[in-house]
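Novice: Quick one: the structure is below, questions incoming.
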Amino acid sequence: MISHAVHTKRAVKSIKNIPLSQVIAFIQENPQIIDAGITPVDRDLIIPSVGEIDLIGVSNNNLVMISTFLELNEEHLRRAPSINQWVFENISVLKHTYFQNRITHHFSPKTIFICSRINESAEPLIQFLSDLPLEVYKYEPVVIGNNVSLNLKMVINDTPLKGSCQKTNINNIFTKLPSREEIALTEEEVSEFFEDAEDSFFPTQYEESDAHVPAMENETFFKGPYFS
Amino acid sequence: MSEERYQPDEENLFLDPEEVADFEDFDSNESKLTDDSKEYSSIEIQPAKSQVICIASGKGGTGKTMVAANLAVLLAKQGLKVLLIDADFGLANSHLILGLEPEHDVSSVFTGEKTVSEIIIEGPGGLKLVPGGSGFSELAMLGDEKFLQLIKGLHELEDKADIILVDLPAGINPQVMCLLNAAHELIIVTTPEVTSLVDAYALIKSLTKMSENIAPQIIINRSKDKARAIVAFQKLLSVTQKHLTGKVFPKFLGWVPQNWYVINSVASRKPLVNRHPQCFATACLELIASKTLKRHVKWVDQQTETFVYPSYFAKLEHVVYGR
Chain A
9 MISHAVHTKR AVKSIKNIPL SQVIAFIQEN PQIIDAGITP VDRDLIIPSV GEIDLIGVSN
69 NNLVMISTFL ELNEEHLRRA PSINQWVFEN ISVLKHTYFQ NRITHHFSPK TIFICSRINE
129 SAEPLIQFLS DLPLEVYKYE PVVIGNNVSL NLKMVINDTP LKGSCQKTNI NNIFTKLPSR
189 EEIALTEEEV SEFFEDAEDS FFPTQYEESD AHVPAMENET FFKGPYFS
Chain B
4 MSEERYQPDE ENLFLDPEEV ADFEDFDSNE SKLTDDSKEY SSIEIQPAKS QVICIASGKG
64 GTGKTMVAAN LAVLLAKQGL KVLLIDADFG LANSHLILGL EPEHDVSSVF TGEKTVSEII
124 IEGPGGLKLV PGGSGFSELA MLGDEKFLQL IKGLHELEDK ADIILVDLPA GINPQVMCLL
184 NAAHELIIVT TPEVTSLVDA YALIKSLTKM SENIAPQIII NRSKDKARAI VAFQKLLSVT
244 QKHLTGKVFP KFLGWVPQNW YVINSVASRK PLVNRHPQCF ATACLELIAS KTLKRHVKWV
304 DQQTETFVYP SYFAKLEHVV YGR
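What follows is the structure in structure tokens.
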């Protein structure tokens with residue numbers, strides 16, 4: 009479909025200067041695709057027109073999304089001054105969580121699609137992704153001057169949009185499965201349950217559940233070798 | 004054995020008005036249902052044809068299956084078309100509590116021998132049961148394809164039921180969490196034991212990481228009396244309000260005592276509400292069923308007039324499995 013794709017030394021297929029309409033058609037033909045590193049402008053344009061793709065972000069605006077998906081502690085992200093440094097520092101964690109997701113969350117994408125006009129910021133992620141058993145495509149939108157947004161709108165206007173968004177995926181249940189750290193109970197939470205527990209239940213004179221207890225010897229349940 | 008009919012006394016069973024204000028608000032909009040309808044309102048997922056209520060517990064042995072089975076019987080007796088899915092695959096025992104002997108179970112669906120509709124059997128009150136089977140790998144061990152196969156089979160039956168009760172296995176494995184998160188309504192069954200409450204809280208906490216504004220309905224089972232049930236719920240509520248502020252709104256659905264009648268009904272392989280229809284525990288379950296019915300009517304009204312809730316099974320297929 010995208011004949012201009014070239015293999016780089018990292019086995020990433022770089023798709024440059026391809027009309028957005030072709031890119032959208034390509035994604036539509038590959039349902040198990042992950043869109044990574046898209047800018048807000050791209051997201052607004054591509055997701056509604058493509059629909060069934062999964063989304064992870066790589067730009068600084070999308071750090072929260074990628075951290076949720078990869079089950080990383082947001083604290084890691086806050087400490088990282090840039091996405092570049094963060095990805096470089098967390099390659100091993102990324103790999104681990106990627107495969108963990110495949111196993112426990114049934115998450116097994118075949119294709120990663122990276123759409124980024126901030127090429128430099130996406131490089132570490134591309135390096136990481138190219139080591140995985142995935143088809144990795146990197147799309148670099150045509151840039152006219154500094155007005156990428158305008159350019160994308162011009163391109164996409166050539167293609168009729170599908171109209172409705174099948175799946176936003178930001179709310180995808182997979183991306184929201186909590187990490188172990190998130191759901192682990194703290195000592196404070198646990199101890200509050202045990203607080204006063206010993207003294208809570210003094211025997212009462214009248215127990216509702218004891219009411220209406222029939223004569224047990226009349227019941228077949230209590231007859232048998234162990235009750236005779 | 005003669006039994007004196009226990010007259011359910013709502014004043015006795017339920018909480019005082021001041022207490023009710025805290026955790027028993029049926030008209031509250033702070034429910035998972037509303038949240039879901041907003042989340043999916045713009046997405047082309049099939050609208051729900053039946054309300055799906057998942058029944059879960061953090062800890063095993065809380066009597067969840069007993070509650071689910073008897074609730075199903077009571078709702079069926081009210082004239083509703085009820086489908087009970089025993090999702091504790093491989094370790095299922097709903098059929099035992101209902102006194103049924105299914106020839107086939109979901110394992111036959113997984114092997115391709117039967118369709119879901121072919122394994123369904125009719126139970127007391129006319130309810131339909133999807134038997135969970137035994138002797139094969141549990142839910143967590145099932146692969147995507149097999150599980151999706153079952154979901155699709157169940158999806159085809161959705162329009163044949165008014166209410167679908169899903170009796171989930173204990174624990175918080177990812178599959179259980181996905182099934183829970185897609186539900187229209189959640190019922191969590193716990194006992195007053197501290198460890199049981201801790202695990203119920205852990206389940207709720209996990210859910211809050213996936214959804215916001217969750218309103219789980221809490222049943223305190225195996226309580227010695229009402230006082231213990233209330234104390235247990237209040238404990239759960241207070242810890243929840245302190246640590247999960249604004250994210251979860253537990254509601255007190257009711258309590259069930261643990262007494263001889265309950266034990267006897269299980270041992271005799273008959274639903275409690277049929278075996279001992281006059282006993283106190285049955286009265287408690289009847290009140291839980293009446294509340295559930297009330298909420299169901301409200302759900303149907305909302306579905307018809309205001310919101311369009313997504314189909315539980317379509318949601319699982321499209322959102323969880325990305326198909």
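As you go down the protein sequences, you meet chains A and B in turn. First residue of the first sequence? That's 9 in the numbering used here, and the numbers climb one at a time after it. First residue of the second sequence? That's 4 in the numbering used here, and the numbers climb one at a time after it. Ideal Cβ positions, reconstructed from N, Cα and C, are used throughout, including at glycine. Since this is a predicted model, take the numbers as computed values, not measurements.
#1: For B/E121, which of B/V112, B/Q261, B/A284 has the nearest alpha-carbon?
#2: In or out: B/N267 buried (at least 16 other Cβ within 10 Å) or exposed?
#3: Between A/E195 and chain B, is there a C-beta pair that is closer than 7 Å?
#4: On the DSSP letters alone, give me the boundaries of the alpha helix (DSSP H) that B/Q244 sits inside.
#5: Taking the alpha carbon of B/H187 as the reference point, which residue from B/I175, B/V197, B/T193, B/I166 has its own alpha carbon closest?
#6: Would the stretch 273-289 of chain B and the stretch 208-220 of chain B be scored as touching if the rule is three or more Cβ pairs under 8 Å?
#7: Can you pull out the residues from the stretch 205-238 of chain B whose beta carbon lies closer than 8 Å to at least one beta carbon of chain A?
#8: Let's see if you can read the secondary structure: which residues bound the alpha helix (DSSP H) around B/C57?
#9: Straight-line CA distance for B/V192 to B/V119?
#10: For B/Q81, which residues of its own chain have a beta-carbon under 7 Å away from its beta-carbon, when the five flanking residues on both sides are left out?
#11: Determine the burial state of B/K254: buried for a count of at least 16 other Cβ atoms within 10 Å of its Cβ, exposed for fewer.
#12: Check whether chain A comes within 7 Å of B/L288, counting only Cβ atoms and requiring the distance to be less than that.
#13: Where do the N-terminal and C-terminal ends of the alpha helix (DSSP H) with B/D304 fall, by residue?
#14: My assumption, with CB atoms under 8 Å, is that A/A205 sits in contact with B/V197. Please give the rounded CB distance.
#15: Excluding the 5 residues flanking B/T68 on each side, which residues of the same chain have their C-beta closer than 8 Å to its C-beta?
#16: Contact criterion: CB-CB distance below 7 Å. Does B/V55 meet it with respect to chain A?
#17: For the candidate residues B/D228, B/P195, B/A284, whose alpha-carbon lies nearest to that of B/L240?
#18: Return no unless some Cβ of chain A is closer than 7 Å to the Cβ of B/V197.
#19: Would you please state the rounded distance, in angstroms, between the beta carbons of B/A128 and B/V76? I believe it to be under 8 Å.
#20: Is the beta carbon of B/K62 sitting closer than 7 Å to the one on B/A235?
#21: I need the straight-line Cα distance from B/E256 to B/K149, nearest angstrom please.
#22: As a quick exercise: from B/A59, B/F283, B/K131, pick the residue whose alpha carbon is nearest that of B/L87.
#23: Which residue's Cα is closest to the Cα of B/D162: B/Y315, B/E320, B/L319?
#24: Taking 7 Å as the threshold (C-beta atoms), are A/V198 and B/V251 in contact?
#25: Hey, does B/V201 have any beta-carbon neighbour from chain A nearer than 7 Å?
#26: With distances taken from CA atoms, which of B/L160, B/Q220, B/Q152, B/K155 is nearest B/L183?
#27: Answer with buried or exposed for B/D351, where buried requires no fewer than 16 other C-beta atoms within 10 angstroms of its C-beta.
#28: Which chain E residues sit within Cβ distance under 8 Å of B/I175?
#29: Out of B/A284, B/I154, B/I123, B/K245, state which residue places its alpha-carbon closest to the alpha-carbon of B/W263.
#30: Which of helix, strand or coil does DSSP assign to B/I266?
#31: How many whole angstroms separate the CB atoms of B/G136 and B/D108, which I take to be in contact at a CB cut-off of 8 Å?
#32: Report the residues of the stretch 156-169 of chain B with a CB closer than 7 Å to any CB of chain A, ordered along the chain.
#33: Under 8 Å Cβ to Cβ from B/P260, same chain only, skipping five residues before and after it: list those, please.
#34: Hey, how far is the Cα of B/T65 from the Cα of B/A203?
#35: Indicate whether at least one CB of chain A lies closer than 7 Å to the CB of B/V192.
Specialist: Considering the structure as presented:
#1: B/V112
#2: buried
#3: no
#4: 229-246
#5: B/I166
#6: These segments do not touch.
#7: Residues of the stretch 205-238 of chain B with a C-beta atom less than 8 Å from some C-beta of chain A are A205, K208, S209, K212, M213, S214, S226, K227, D228, K229, A230, R231, V234, K238, listed in chain order.
#8: Boundaries around B/C57 are those of the beta strand (DSSP E), 54-59, since no alpha helix (DSSP H) includes it.
#9: So the alpha carbons of these two residues sit roughly 27 Å apart.
#10: These residues qualify, in order along the chain: L296.
#11: buried
#12: no
#13: 283-308
#14: 5 Å
#15: D89, D91, N96, S97, I100, D170
#16: no
#17: Comparing alpha-carbon positions, the option among B/D228, B/P195, B/A284 lying closest to B/L240 turns out to be B/P195.
#18: yes
#19: The identity of residue 128 of chain B in the sequence shown is Gly, whereas the question assumes Ala. Going by Cβ atoms, the distance from B/G128 to B/V76 rounds to 5 Å, so yes, they are a contact pair.
#20: At least 7 Å separates the beta-carbon of B/K62 from that of B/A235.
#21: The displayed chain sequence assigns Leu, not Glu, to residue 256 of chain B. So the two alpha carbons sit approximately 34 Å from each other.
#22: B/K131
#23: When only C-alpha atoms are compared, the closest one is B/Y315.
#24: no
#25: Yes, contact with chain A.
#26: Nearest C-alpha to B/L183: B/Q220.
#27: Any property of residue 351 of chain B remains undetermined from this structure, which presents chain B solely from 4 to 326.
#28: This model lacks chain E altogether, as its protein chains are A and B.
#29: B/A284
#30: helix
#31: 3 Å
#32: none
#33: R225, S226, K227, D228, F283, A284, C287
#34: Those two C-alpha atoms are separated by around 10 Å.
#35: B/V192 does not count as touching chain A.
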